[in-house]
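Colleague: Sharing a structure here in structure tokens format.
Chains as they are written, first to last, in the numbering used here: chain A, 1 to 414; chain E, 1 to 414.
If you want it as structure tokens, here you go:
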């Protein structure tokens, strides 16, 4: 008997009714609404023969002990962005619940290996600007010193907000203890992009999460009067920035999955009567291949210097953030593809542009794969985020099959 | 005996000491510092055999009656932007003072025609966003209804601020009475641009003020996730706007004196993780030839539609403001050129990109010309605004010659 896909959909709707308003989901981590979502979910879990605890970083662990301590972890996150969608994160957690329920029933509460469900703490980083909080603590890639200083828009310290939820910022590194015996990690998530919809496919296997190079680029020219400064004597910082905003696109389009985005461009003084003296650009480049990502970054830098020179400007780069690409496990990718083919008839391999907790788990050396289900219009982080219900059912079915295949794979490994 | 150029420089320095702080000139119209500057200037004028009055719009008129009521007007403005320079406006007023002093002495207080000095009220529009206030009231081009509703950054109504300086907003149209008997208007001003400095020339004759087409252009695309949205499916509003910001430049450069500026570009949501869904651009196009200005505007519109289509966006235009080009009087242009050639050996003809009170006077049908003196580095509206003192002396000498030539020209007209 497979996992109960209709139950997953019903639970998602129940959660939406409980934790959304007219603007969308409001399960922002470290807020009362998030705690309410977690308490609701715990009630559902308590029907199973499980053990439950929060780890040192606030990740919520539910353990179904098996014959072997070797562990398959299934998970995602219940937290949302403000005004978020009903599926981002919650789908993966609820699907994992139906799968662990199915496994528990099938093996009468004692599967051959241990199965754990994790609800990661603060995947979105919506309140304090620190995404993947819980999974990075698990992976040992977090910095307590950096996180300690964070504040939200109201000035509340992250340290105090997590303490109110029972987490001591000093101790979050102890979450890495949860890695013991972890043999594989599986996560189901909505795609949050348009690729599967364009292909007319419900499901895809995720090859890994793209690496990110994120930089602030400042062009300095010369502020000058719009009326009295001849075109040929201008040092227009916007012109250099506009050239760069356009040039980063063909740089990315040389590669099939690369993306490159100027999401913010600011002009100073920013008045219609003055040539732009300073222009600040925020650039985000992503690819799954570190060599491609590196060459894209280098090409953009070279172009920026060329454009600065052409426009009589100077240019400075400042790294905002970066992360290396995280490829998922090749054998689990194959298992995921098989599960999708058996369920939906056809699969598609794609990298993930957005980051996910699965990337942190994979960085910790645990074999990992993700499955994507189609997002309507590719829209996420918005109350209109949606997925067809028949696709959600296929997703739960395929994820359930993937879990079974992975249990067998773990059991067969030395 | 020519006008006393050294006196003009000394007075400008005295005014600077009286009305500037470490950030520059602070003679913003309708403020106590502006009234202080005007009171100081009135003291200087009172040494002459003149009549003085404020007109209904707050313009300050000083009249040296001549044999004939036909009148030559000399003027500029004492008001400045906040943190302004020492010469913008003040040079023209002070030079006019030395010229009227010279004429009064030469003709023993009774020149052949009437000479008037005008200090226009609120040329800059720095406080209420309404430039050329007094001269447009004189010219009859102002709108009381529009001006009534204006407020400054602190919420003070323009109507109340001008009333505190003795001006009733209802009555400003009566300033047009000052046009009676006006036979010509002359204004000396710093260039506020780099053209004369690049040519190595101290002085130039102004052909007129460029017309301006000023528009807000909004591109609407589709906000989308920077990581998950493939390059080919994007509808990037910034890309369309960047193309336009670059395209308006060659459109202007087809014409020798045209300028075209995107001074402000705003991205929404303006975050590094989202493709820009909406982009707002402010475009300012200027030329002295109305046909050229019209074709530049039409070309920019056409390009914007092309770029919107290429990027899967829509585009909307909204006029912020426009004004037709104002050519100066051809015979006065010739007289001005002669005066410059006689004083400095070489002249140059150039249009003015910035607007000036002279444009309003010319629109009222009064023969008008302006003389420009070189601005160091082309910089104005800034405390570092400056002009070489030998150039200031040449400017006063040439302007004095121009006044004499214009008196003769008026006397010779039927």
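Idealized CB from N, CA, C, for every residue including glycine.
Select from the region 187-203 of chain A all residues with a C-beta closer than 8 Å to any C-beta belonging to chain E, and list them in chain order.
Modeller: Flagged, chain order: 191, 192, 193, 194, 195, 198.
Colleague: Can you name the start and end residues of the beta strand (DSSP E) that residue 214/E belongs to?
Modeller: Position 214 of the second chain, counting from 1, holds the residue named residue 214/E. Taken as a continuous stretch (DSSP letters only), the beta strand (DSSP E) holding residue 214/E covers 211-220.
Colleague: Can you name the residues of chain A whose CB is closer than 8 Å to the CB of residue 245/E?
Modeller: By 1-based counting over the second chain, the position of residue 245/E is 245. Residues of chain A passing the Cβ test: 238, 239, 242.
Colleague: Return the residue from the list 79/A, 185/A, 363/A that minimises the CA-CA distance to residue 415/A.
Modeller: The requested residue 415/A does not occur in the structure, where chain A is confined to residues 1 to 414.
Colleague: I'd like the span of the beta strand (DSSP E) that includes residue 182/E, first residue to last.
Modeller: Along the second chain, read from residue 1 onward, the residue named residue 182/E stands at position 182. Looking at the DSSP string, the run of the beta strand (DSSP E) that includes residue 182/E is 182-190.
Colleague: Between residue 231/A and chain E, is there a C-beta pair that is closer than 7 Å?
Modeller: Working through the first chain from its first residue, we reach residue 231/A at position 231. Cβ-Cβ to chain E under 7 Å: yes for residue 231/A.
Colleague: Are residue 263/E and residue 384/A closer than 7 Å when you measure CB to CB?
Modeller: For the purposes of this step, residue 263/E is taken as residue 263 along the second chain, with counting starting at 1. For the purposes of this step, residue 384/A is taken as residue 384 along the first chain, with counting starting at 1. No, the pair does not count as a contact, with Cβ atoms beyond the cut-off.
Colleague: Where does residue 328/E fall in DSSP's three states?
Modeller: Position 328 of the second chain, counting from 1, holds the residue named residue 328/E. Note: residue 328/E maps to coil in three-state DSSP.
Colleague: Distance check for residue 282/A and residue 43/E, CA to CA, integer angstroms please.
Modeller: By 1-based counting over the second chain, the position of residue 43/E is 43. By 1-based counting over the first chain, the position of residue 282/A is 282. For residue 43/E and residue 282/A, the distance between alpha carbons rounds to 56 Å.
Colleague: Quick one: does residue 252/A have its CB under 7 Å from some CB of chain B?
Modeller: In the displayed structure, chain B is absent; the protein chains listed are A and E.
Colleague: Please work out which residues of its chain come closer than 6 Å, Cβ to Cβ, to residue 125/E, disregarding the five sequence neighbours upstream and downstream, and give them in chain order.
Modeller: Translated into the one-based positions of the second chain, residue 125/E becomes position 125. The answer, listed in chain order, is 131.
Colleague: For the alpha helix (DSSP H) that residue 397/E lies in, which residues bound it at each end?
Modeller: Looking up residue 397/E in the second chain gives position 397. That run of the alpha helix (DSSP H) goes 389-412.
Colleague: Could you tell me which residues DSSP puts in a beta bridge with residue 268/E?
Modeller: For the purposes of this step, residue 268/E is taken as residue 268 along the second chain, with counting starting at 1. Residue 268/E is bridged to 278/E.
Colleague: Do you know whose CA, among 398/E, 408/E, 286/E, lies nearest residue 3/E's CA?
Modeller: Here residue 3/E refers to the residue found at position 3 of the second chain. If we check each option's Cα against that of residue 3/E, 398/E comes out closest.
Colleague: If we count Cβ pairs, one from each stretch, closer than 8 Å, do we get three or more for the region 222-231 of chain E versus the region 244-260 of chain A?
Modeller: Yes, they touch.
Colleague: Taking the alpha-carbon positions, what's the residue 7/A to residue 70/A distance?
Modeller: One-based indexing of the first chain puts residue 7/A at position 7. One-based indexing of the first chain puts residue 70/A at position 70. Approximately 28 Å, taken between the alpha carbons.
Colleague: Chain A partners of residue 225/E, CB-CB under 8 Å?
Modeller: What you label residue 225/E is simply residue 225 of the second chain in a count that begins at 1. Going along chain A in sequence order, the residues near residue 225/E (Cβ under 8 Å) are 192, 193, 353, 354, 378, 380, 381.
Colleague: Count the other C-beta atoms from every protein chain shown that fall within 10 angstroms of the C-beta of residue 349/E, then say buried if there are 16 or more, exposed otherwise.
Modeller: By 1-based counting over the second chain, the position of residue 349/E is 349. When all chains shown are included, residue 349/E counts as exposed.
Colleague: Output the residue ranges of the beta strand (DSSP E) runs that lie fully inside the region 311-370 of chain A and measure 3 residues or longer, sorted by chain position.
Modeller: Here the runs fully enclosed are 314-323, 349-352.
Colleague: Using the beta-carbon count (16 or more within 10 Å), is residue 284/A buried or exposed?
Modeller: The count along the first chain starts at 1 and reaches residue 284/A at position 284. The residue is buried, with at least 16 neighbouring Cβ atoms inside 10 Å.
Colleague: Counting only beta-carbon separations shorter than 7 Å, does residue 50/E have a partner in chain A?
Modeller: If you number the second chain from 1, residue 50/E lands on position 50. Taking Cβ atoms only, chain A never reaches closer than 7 Å to residue 50/E, which makes this a no.
Colleague: Measure the alpha-carbon distance for residue 235/E versus residue 128/A and round it to whole angstroms.
Modeller: Position 235 of the second chain, counted from the start, is the residue given in the question as residue 235/E. Position 128 of the first chain, counted from the start, is the residue given in the question as residue 128/A. Their backbone Cα atoms lie some 30 Å apart in a straight line.
Colleague: For a test of the three-state rule: what should DSSP assign to residue 115/A, helix, strand or coil?
Modeller: Residue mapping note: residue 115/A aligns to position 115 of the first chain, counting from 1. Strand, per DSSP.
Colleague: By alpha-carbon positions, which one of 120/A, 25/A, 185/A, 166/A ends up nearest to residue 407/A?
Modeller: Here residue 407/A corresponds to residue number 407 of the first chain, with the count starting at 1. Comparing Cα positions, the closest option is 185/A.
Colleague: Going by the DSSP bridge assignment, what does residue 141/A pair with across the sheet?
Modeller: Here residue 141/A refers to the residue found at position 141 when the first chain is read from its first residue. Looking at the DSSP assignment, residue 141/A forms no beta bridge with any residue, so it has no partner.
Colleague: Using a beta-carbon distance cut-off of less than 7 Å, what residues from the region 265-292 of chain E approach chain A?
Modeller: Correct list: 265, 267, 270, 271, 272, 273, 274, 275, 276, 282, 284, 286.
Colleague: Is residue 84/E close to chain A? Criterion is C-beta to C-beta, closer than 7 Å.
Modeller: On the second chain, position 84 is the one that residue 84/E refers to. For residue 84/E, the answer is no, since every Cβ of chain A falls outside 7 Å of its Cβ.
Colleague: Is there a Cβ of chain A sitting closer than 7 Å to that of residue 263/E, yes or no?
Modeller: Position 263 of the second chain, counted from the first residue, corresponds to residue 263/E. It does; some Cβ of chain A falls within 7 Å.
Colleague: Just the Cα atoms here: how many angstroms apart are residue 87/A and residue 41/A?
Modeller: Here residue 87/A refers to the residue found at position 87 when the first chain is read from its first residue. Here residue 41/A refers to the residue found at position 41 when the first chain is read from its first residue. Answer to the nearest angstrom: the Cα atoms are 15 Å apart.
Colleague: Measure the CB-CB distance between residue 300/A and residue 402/A and report whether it falls below 7 Å.
Modeller: The sequence position of residue 300/A within the first chain is 300, counting from 1. The sequence position of residue 402/A within the first chain is 402, counting from 1. It is not a contact, given that the beta carbons lie outside the stated cut-off.
Colleague: Could you pull the start and end residues of the alpha helix (DSSP H) that residue 86/A belongs to?
Modeller: The residue given as residue 86/A occupies position 86 in the first chain. Premise fails: residue 86/A is in no alpha helix (DSSP H) and is neither H nor E.
Colleague: Could you tell me whether the Cβ of residue 214/E comes closer than 7 Å to any Cβ of chain A?
Modeller: As a working mapping, residue 214/E is identified with position 214 in the second chain. Chain A contact via Cβ: present.
Colleague: For residue 223/A, collect the residues of the same chain with a Cβ closer than 7 Å to its Cβ; drop the 5 residues on either side in sequence, then sort them by chain order.
Modeller: By one-based count along the first chain, residue 223/A stands at place 223. These residues qualify, in order along the chain: 269, 274, 275, 277.
Colleague: Just the Cα atoms here: how many angstroms apart are residue 225/A and residue 312/A?
Modeller: Mapped onto the first chain, residue 225/A falls at position 225. Mapped onto the first chain, residue 312/A falls at position 312. Taking the straight line from one Cα to the other gives about 16 Å.
Colleague: Where residue 209/E and residue 136/E are concerned, what is the direct C-alpha to C-alpha distance, given to the nearest angstrom?
Modeller: For the purposes of this step, residue 209/E is taken as residue 209 along the second chain, with counting starting at 1. For the purposes of this step, residue 136/E is taken as residue 136 along the second chain, with counting starting at 1. Distance between the alpha carbons of residue 209/E and residue 136/E is about 15 Å.
Colleague: Hey, does residue 168/E have any beta-carbon neighbour from chain A nearer than 7 Å?
Modeller: Walking along the second chain from the start, residue 168/E turns up at place 168. For residue 168/E, the answer is no, since every Cβ of chain A falls outside 7 Å of its Cβ.
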